[in-house]
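Asker: Those protein sequence lines, which keep their order, are chains A and C.
Heads up, the first sequence is in this note's numbering, so the first residue is 1252 and it goes up one at a time.
Heads up, the second sequence is in this note's numbering, so the first residue is 1252 and it goes up one at a time.
Pasting in a structure now, in structure tokens, and then I'll have a few things to ask.
There are 2 protein chains.
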Amino acid sequence: MPAFQGYYPENLAHCYGCGHNNAHGHQIKTFWEDDETVTHFQPRPEHTAIPGFVYGGLLASLIDCHGTGTAAAAMYKAENRSMDSLPAFRFVTGSLQVSYLKLSRQITAAKSLLIPTSPSKGEE
Amino acid sequence: MPAFQGYYPENLAHCYGCGHNNAHGHQIKTFWEDDETVTHFQPRPEHTAIPGFVYGGLLASLIDCHGTGTAAAAMYKAENRSMDSLPAFRFVTGSLQVSYLKLSRQITAAKSLLIPTSPSKGEE
């Protein structure tokens, strides 16, 4: 199964962080793992802050695209629709808050646990 | 006069956002303009979110490096030292908050107006 970002409409898939139509971008990919959404990303050697540590702007980018991809996947799930069905969902980030708690030598993954705030349609 | 980032010590100048020793990075540059610090940056064609608009992760990166550069410049200024004097100041971002108020077709500049919170040494 493709990543969430693989389902983005062709005309909305040029994001530098995650667009599959952006050959120069990071091509961030997010998947379901049970009820969590997970993004794995391997920084390139140039993605450094100070030598040996990952660039904070890249971490922010990862969270940005992980979040918008998760939002799309969650909406399809809430509507009990497959991600290749139409109309397509595509979101942008309204506000981004990143606290850099410690220096990171490698990104392992970004994860989101989705907590329902209202009954899904299937439960109505 | 070089950008603030041009004064970073050689071993701490590999940042993907602003390090002058990172050939693959954004090479973000920040300067004084009167009492403000200003970063001008021209996104490359691939730095898109959706076509025609700047990638939010790049905006976050710009703010990150603008902020750390401004912090260093402000510290030299507070100590009435030139930026090529030692010991060198180099900062990292502890927390980053970006609100994306509208889609941006082009980055023009990031600006910071420094507001003194205590008398500078020269005024003591």
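In this text, a Cβ means the ideal position worked out from N, Cα and C, and glycines have one as well.
1. If you draw a straight line from the alpha carbon of C:PRO1302 to that of C:LYS1328, how long is it in whole angstroms?
2. Quick check on A:PHE1342: buried or exposed, where buried means 16 or more other Cβ atoms within 10 Å of its Cβ?
3. Can you tell me whether DSSP reads C:GLN1278 as helix, strand or coil?
4. Who are the neighbours of A:LEU1337 on chain C, taking C-beta pairs under 7 Å?
5. Going along chain C, which residues have a C-beta under 8 Å from A:ASP1315?
6. Beta-carbon separation of A:ALA1300 and C:CYS1266 under 7 Å?
7. I'd like to check one pair, A:GLY1276 with A:ASP1315: are the Cβ atoms closer than 7 Å?
8. List in chain order: all unbroken alpha helix (DSSP H) runs of 4+ residues lying wholly within the region 1278-1336 of chain C.
9. Who are the neighbours of A:GLY1345 on chain C, taking C-beta pairs under 8 Å?
10. Does any C-beta atom of chain C lie closer than 7 Å to the C-beta of A:ASN1272?
11. What does A:GLY1276 touch in chain C if you count any residue whose Cβ is under 9 Å from its own?
12. Rounded to whole angstroms, what's the CA-CA distance from A:GLY1257 to A:LYS1362? Just pull it up for me.
13. For A:PRO1338, count the other beta carbons within 10 Å of its own beta carbon; 16 or more makes it buried, fewer makes it exposed. Which is it?
14. Quick one: is C:LYS1353 buried, meaning 16 or more other Cβ sit within 10 Å of its Cβ, or exposed?
15. Classify A:ASN1262: buried if its beta carbon has 16 or more other beta carbons within 10 angstroms, exposed otherwise.
16. Using a Cβ-Cβ cut-off of 7 Å (strictly less than) and excluding sequence neighbours within five positions of C:LEU1313, which residues of its own chain qualify?
17. Are the beta-carbon atoms belonging to A:ALA1325 and A:PHE1255 less than 7 Å from one another?
18. For a contact defined as C-beta to C-beta under 7 Å, what are the partners of C:GLY1268 on chain A?
19. For the beta strand (DSSP E) that contains A:GLN1256, what are its first and last residues?
20. Between which residues of its own chain and A:MET1334 is the CB-CB distance below 6 Å, once the five residues before and five after are set aside?
Answerer: Let's see:
1. 41 Å
2. exposed
3. coil
4. Near A:LEU1337 there are no residues of chain C at all, since even the closest Cβ is about 18 Å away, more than 7 Å.
5. GLY1307, GLY1308, ALA1311
6. yes
7. no
8. Counting whole runs of 4 or more residues, the region 1278-1336 of chain C contains the alpha helix (DSSP H) stretches 1307-1329.
9. SER1350, TYR1351
10. no
11. GLU1297, HIS1298, THR1299, TYR1306
12. 18 Å
13. exposed
14. Exposed, by the Cβ-count rule.
15. exposed
16. The residues are ILE1279, THR1290, PHE1292, ILE1358, ALA1361.
17. no
18. Chain A residues near C:GLY1268: TYR1306, GLY1308.
19. Looking at the DSSP string, A:GLN1256 is not in any beta strand (DSSP E), and its letter there is neither H nor E.
20. TYR1258, TYR1327
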